[in-house]
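Here is the structure we will look at, set down as structure tokens.
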Amino acid sequence: MIIRLLAVVAVLLCTACGESPSSASGSKLLRVQLDWVPEPEFGGLYAAQQDGLFAAAGLNIEIIKGGAGTPTPQLTADGVCDIGLMSADQLLQLRARDGALVGFYATFIDTPYALMAHEANPAQNLEQLWTGGGTIAVEPGLPYVRLLQSKYGQDKAKFVTYNGSLSLFETDPMAATQCFATAEPVTMRLKGVPCKSFSLRDIYNPYVAIYATTETTLASREADLRAFVGALREGWLRYLADPAKYNPTISALNPSMTLEAMNAAAELERPLIAPGGAESLGRMDAARWQAVLDALIETKQLTKPQNVNAAFRNLEPPAPAATTPAPSAH
Numbered sequence: 000m001i002i003r004l005l006a007v008v009a010v011l012l013c014t015a016c017g018e019s020p021s022s023a024s025g026s027k028l029l030r031v032q033l034d035w036v037p038e039p040e041f042g043g044l045y046a047a048q049q050d051g052l053f054a055a056a057g058l059n060i061e062i063i064k065g066g067a068g069t070p071t072p073q074l075t076a077d078g079v080c081d082i083g084l085m086s087a088d089q090l091l092q093l094r095a096r097d098g099a100l101v102g103f104y105a106t107f108i109d110t111p112y113a114l115m116a117h118e119a120n121p122a123q124n125l126e127q128l129w130t131g132g133g134t135i136a137v138e139p140g141l142p143y144v145r146l147l148q149s150k151y152g153q154d155k156a157k158f159v160t161y162n163g164s165l166s167l168f169e170t171d172p173m174a175a176t177q178c179f180a181t182a183e184p185v186t187m188r189l190k191g192v193p194c195k196s197f198s199l200r201d202i203y204n205p206y207v208a209i210y211a212t213t214e215t216t217l218a219s220r221e222a223d224l225r226a227f228v229g230a231l232r233e234g235w236l237r238y239l240a241d242p243a244k245y246n247p248t249i250s251a252l253n254p255s256m257t258l259e260a261m262n263a264a265a266e267l268e269r270p271l272i273a274p275g276g277a278e279s280l281g282r283m284d285a286a287r288w289q290a291v292l293d294a295l296i297e298t299k300q301l302t303k304p305q306n307v308n309a310a311f312r313n314l315e316p317p318a319p320a321a322t323t324p325a326p327s328a329h
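Mapping of the sequence shown onto numbering that gives the first Met the number 0: residues 0 to 329, in sequence order.
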């Protein structure tokens, strides 16, 4: 109910601002709702905006900041924004509630979800960390937490609820915590606390920070979305090549994260965003979506199968306009 009320309020606010798909300049308006505050995980989006790539594609992109608790999937399904960022599991869960969302570009090809431990912790892998007897801070209902409990048990470690604070982790050398691989480890490094991260990729590997829209918007504005993907992909190529060029803009929008932290995060996210090089940017496959769905059903987050092929589309940028050859001289 609260999510629905937030969506209604946002709709009213957008109505007050006008809902025309075209801006005053004649370019096509697309409203992009982030699921978090501006950080390097949105680097390609901001790079494309900064370098005028969207404008060159005839688009006017309005980037809307998110934050803790922003109901991005519901806002997207309700048409409050044209594009919303979310994880694969969030999208599948909303589709199970008749939310007709389609993902069309994935930022993180490999998941940034991880568990963080102190460098001195003797654990060398996830199983050793999970069964090592230390304190682990996690959100109990997360799919990967349930999968870890099922695989390795839950009677060896002391589990506490993750609340976003790292104070317990800092003071207990045997503590571990869930983390976003490009966030908490950077915070600890800059504080001078040696730590290491164990990726959850082999346990649970959903696409994260997916750009998604409704089936209706995809059908009616596919050309605009293809143009968006072309500019976004180029933006990511530029950002990954030179994040220091674009991070000052992002840092100005999020003063709580230092420029040093953003530069460090950009280095950590590169292998997760483009694990197969430039060709892998944004691209998703059905087998990965099916694995996420199977995990959600196994952990009782969902109860019914879905057609995962309906949950995503790999949109290709528009082909370059063909040039008419000049007539030959006779």
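Just so it is clear, CB atoms sit at the ideal spot from N, CA and C, and this is done for glycine as well.
On the three-state DSSP scale, how would you describe residue i?
i    : result
G68  : coil
L141 : coil
G51  : coil
V31  : strand
M85  : strand
G234 : helix
N59  : strand
S196 : strand
A76  : helix
K157 : strand
M115 : strand
G42  : helix
G413 : For the chain, the structure presents residues 0 to 329; residue 413 sits outside this window and is missing.
T181 : coil
L337 : Residue 337 falls outside the range modelled here, since the chain spans only 0 to 329, and no answer is possible.
Does the separation of the CB atoms of residue i and residue j fall below 8 Å?
i    : j    : result
A294 : P142 : yes
A95  : K303 : yes
F197 : L128 : yes
A211 : M115 : no
L239 : F103 : no
A208 : F107 : yes
A87  : W235 : no
K64  : V36  : yes
M187 : G133 : no
Alpha carbons only, please: which of the options is nearest the one belonging to residue i?
i    : options                   : result
I135 : Y161, Y112 and G276       : Y161
R269 : R237, R287, G140 and A156 : R237
K195 : L292, L189 and P184       : P184
L301 : L91, E126 and A309        : L91
A55  : K27, Y203 and P121        : K27
A310 : Y206, G78 and E169        : Y206
N246 : Y45, L33, G25 and G275    : Y45
E61  : F158, E138, I82 and M256  : I82
D154 : G131, V79 and Q49         : G131
N204 : L52, L231 and L147        : L147
L33  : Q49, L74, F53 and L224    : L74
Distance check for residue j and residue i, CA to CA, integer angstroms please.
i    : j    : result
T176 : E214 : 37 Å
A251 : G163 : 23 Å
G57  : F227 : 9 Å
D284 : L100 : 16 Å
E233 : N253 : 23 Å
G229 : S279 : 14 Å
R312 : Q305 : 15 Å
T298 : Y151 : 14 Å
N124 : L29  : 43 Å
L258 : A156 : 36 Å
T216 : V137 : 36 Å
Excluding the five sequence neighbours on either side, which residues of its own chain have a C-beta within less than 8 Å of the C-beta of residue i, listed in chain order?
i    : result
P242 : P39, G42, M261, N262, A265 and E266
F179 : P111, Y112 and A113
E118 : P193, C194 and K195
L271 : F107, I108, D109, T110, P111, A180 and T181
Grab me the residues of residue i's own chain with a C-beta within less than 6 Å of its C-beta, minus the 5 sequence neighbours each way, in chain order.
i    : result
G98  : A76
R282 : N313
Within its chain, find whatever has a CB closer than 7 Å to the CB of residue i; leave out the 5 residues flanking it on each side and keep chain order.
i    : result
T181 : P39, E40, P111, A264, L267 and E268
N308 : A285
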